[in-house]
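**Student:** Before we start, here is the structure in question, set down as structure tokens.
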Amino acid sequence: MSAPQNIYDDAAFFAGYSRLPRFGEGWTGAFEHAAFMSLLPPARGLRVLDLGCGVGQLAHYLAAAGAARAVAADLSARMLAEARRHRRHPKLDFVRAAIERLAFAPASFDLAVSSLAVHYVADWPRLCRELATWIAPGGLFVYSTEHPVYLSRATEAGWLDPSPAATPAWALTRYGDEGERSEHWIVEGVRKHHRMVSTQLNGLIDAGFAIERVLEPMPTPAMLEAHPEWAIEANRPFALLVRARRLPR
Ligand SMILES: C[S@@+](CC[C@H](N)C(=O)[O-])C[C@H]1O[C@@H](n2cnc3c(N)ncnc32)[C@H](O)[C@@H]1O
0 MSAPQNIYDD AAFFAGYSRL PRFGEGWTGA FEHAAFMSLL PPARGLRVLD
50 LGCGVGQLAH YLAAAGAARA VAADLSARML AEARRHRRHP KLDFVRAAIE
100 RLAFAPASFD LAVSSLAVHY VADWPRLCRE LATWIAPGGL FVYSTEHPVY
150 LSRATEAGWL DPSPAATPAW ALTRYGDEGE RSEHWIVEGV RKHHRMVSTQ
200 LNGLIDAGFA IERVLEPMPT PAMLEAHPEW AIEANRPFAL LVRARRLPR
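The sequence shown maps to residues 0 to 248 in numbering that gives the first Met the number 0.
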């Protein structure tokens, strides 16, 4: 299995990524933001882990909302430098580490979150097993990931015919062929890991989680009023969001 790729520390990639509207304070305007927030429990008193925290918006939000403590891990020094510069909080520790190399004592956390980062992790069953150990019984894992339908697109743009006059149709390929996919996103060679919806949910169930909620956000009328350009998003899911609860051992 290949080592984690630290693409966010690539200068050209970071320059492009940091110009996306969702970067930094723009995170609340992201397409799946409201759906993600709807899955979170009240943070007060919780011990929180954020996997792939990026520039730290979510971890800082949870710390400011009263978490007992928050540990936010990311592989990228550039992303963490931005997090430490703008999102310090006395209850929040940023840790530079690959998700695959993290180690915590059993039942260290009440809530683990991860926003658009687990599709960078190759070994899903292992991550589910580790989370089931780190999260105390009754605790939650809330994550978003690029939807496997989005991730297993056949072309760079994904649309069969990208011309504005065409009826939008999504070009899906090799949905059943799970594993690493290399794509052009800002730069060439960005590596992600495709896993079917069933593989994701069954990995969590096998590790000892109960699936509480599954969301595939679609544009609402209110969203379309602010972002008419999001109408095309109704033709295929961009993100998959899951809330899973650690069952008693
Ligand atoms: C799309 S960004 C999401 C950042 C943040 N969670 C958010 O929603 O804004 C993905 C983040 O995952 C981090 N990442 C990717 N692979 C990782 C890995 N194997 N271990 C830790 N972090 C990783 C990247 O450095 C990047 O900050």
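All residues carry an ideal CB built from backbone N, CA and C; glycine is no exception. As the structure is a prediction and not an experimental result, all values here were calculated from the model.
Which same chain residues, not among the five before or five after Q56, have their C-beta less than 6 Å away from its C-beta?
**Tutor:** Excluding residues within five positions, the ones whose Cβ falls inside 6 Å are W26.
**Student:** So, are the CB atoms of F108 and V47 less than 8 Å apart?
**Tutor:** Contact: yes.
**Student:** Curious, which full-length alpha helix (DSSP H) runs of at least 4 residues does the region 105-157 contain?
**Tutor:** The region 105-157 contains these whole alpha helix (DSSP H) runs: 123-133, 147-150.
**Student:** Which whole-angstrom value is the C-beta distance of P124 and R245, which I expect to be below 8 Å?
**Tutor:** No, P124 and R245 are not in contact; Cβ-Cβ is about 16 Å, not under 8 Å.
**Student:** Out of K90, V148, L159, point me to the one whose CA is closest to R180's CA.
**Tutor:** The shortest Cα separation from R180 among K90, V148, L159 belongs to V148.
**Student:** Starting from the C-beta of V117, find all residues in its chain whose C-beta is less than 6 Å away, skip the five residues before and the five after it, and write them out in chain order.
**Tutor:** Closer than 6 Å at Cβ, skipping near neighbours: Y142, T144.
**Student:** Residues near ligand 1, CB to any non-hydrogen atom under 5 Å, in chain order?
**Tutor:** This criterion selects P3, Y7, G51, G53, D73, L74, S75, M78, A97, I98, S114, L115, A116, Y119.
**Student:** Between which two residues does the alpha helix (DSSP H) carrying F13 extend?
**Tutor:** 10-16 is the extent of the alpha helix (DSSP H) around F13.
**Student:** Can we say the region 190-197 touches the region 147-165, given the rule of at least three CB pairs closer than 8 Å?
**Tutor:** Yes, they touch.
**Student:** Using 8 Å as the threshold, is the C-beta distance between I185 and F12 below it?
**Tutor:** Yes, the Cβ-Cβ distance between I185 and F12 is below 8 Å.
**Student:** Can you check which of these residues, A62, A58, G51, H32, is closest to R43 by C-alpha distance?
**Tutor:** If we check each option's Cα against that of R43, A62 comes out closest.
**Student:** So, with DSSP's three-state summary, where would you put E224?
**Tutor:** In this structure, E224 counts as helix in the three-state DSSP scheme.
**Student:** Using a Cβ-Cβ cutoff of less than 7 Å, which residues in the same chain neighbour L91 once the five nearest sequence positions on both sides are dropped?
**Tutor:** Cβ within range, chain order: A58, H59, A62, A69, A71.
**Student:** Are the CB atoms of R128 and A206 within a distance shorter than 8 Å?
**Tutor:** Yes.
**Student:** If we cut at 8 Å on Cβ distances, does H226 have a partner in chain D?
**Tutor:** In the structure shown, chain D cannot be found, because there is only a single protein chain.
**Student:** Under 8 Å Cβ to Cβ from L203, same chain only, skipping five residues before and after it: list those, please.
**Tutor:** Counting only Cβ-Cβ distances below 8 Å, and skipping sequence neighbours, we find C127, F140, I210, V241, A243.
**Student:** Since I believe P216 is in contact with A238 (beta carbons under 8 Å), could you give me their beta-carbon distance rounded to a whole number of angstroms?
**Tutor:** With 8 Å as the limit, A238 and P216 qualify as a contact, their Cβ atoms being about 6 Å apart.
**Student:** Tell me, to the nearest whole angstrom, how far the beta carbon of L50 is from that of A111; I am working on the premise that it is less than 8 Å.
**Tutor:** About 7 Å; that satisfies the 8 Å criterion.
**Student:** Which residues in the same chain have their Cβ closer than 8 Å to the Cβ of P236, if we skip the five residues on either side of it in sequence?
**Tutor:** So the list reads H146, V148, Y149, E215, P216, M217, once near-sequence residues are dropped.
**Student:** Return the bridge partner residues of G208 from the DSSP annotation.
**Tutor:** The sequence as given places Phe at residue 208; Gly does not occur at that position. Answer is R245, bridged to F208.
**Student:** Among V189, R212, H192, which residue has its Cα nearest to the Cα of L200?
**Tutor:** Closest option to L200, Cα to Cα, is R212.
**Student:** Which residue wins for smallest C-alpha separation from E155, given the options A165, E177, A164, V189?
**Tutor:** For E155, the nearest C-alpha among the options comes from V189.
**Student:** With a Cβ-Cβ cutoff of 8 Å, do R86 and V54 count as a contact?
**Tutor:** Yes, the pair counts as a contact, with Cβ atoms nearer than the cut-off.
**Student:** So what's A230 in DSSP terms, helix, strand or just coil?
**Tutor:** Note: A230 maps to helix in three-state DSSP.
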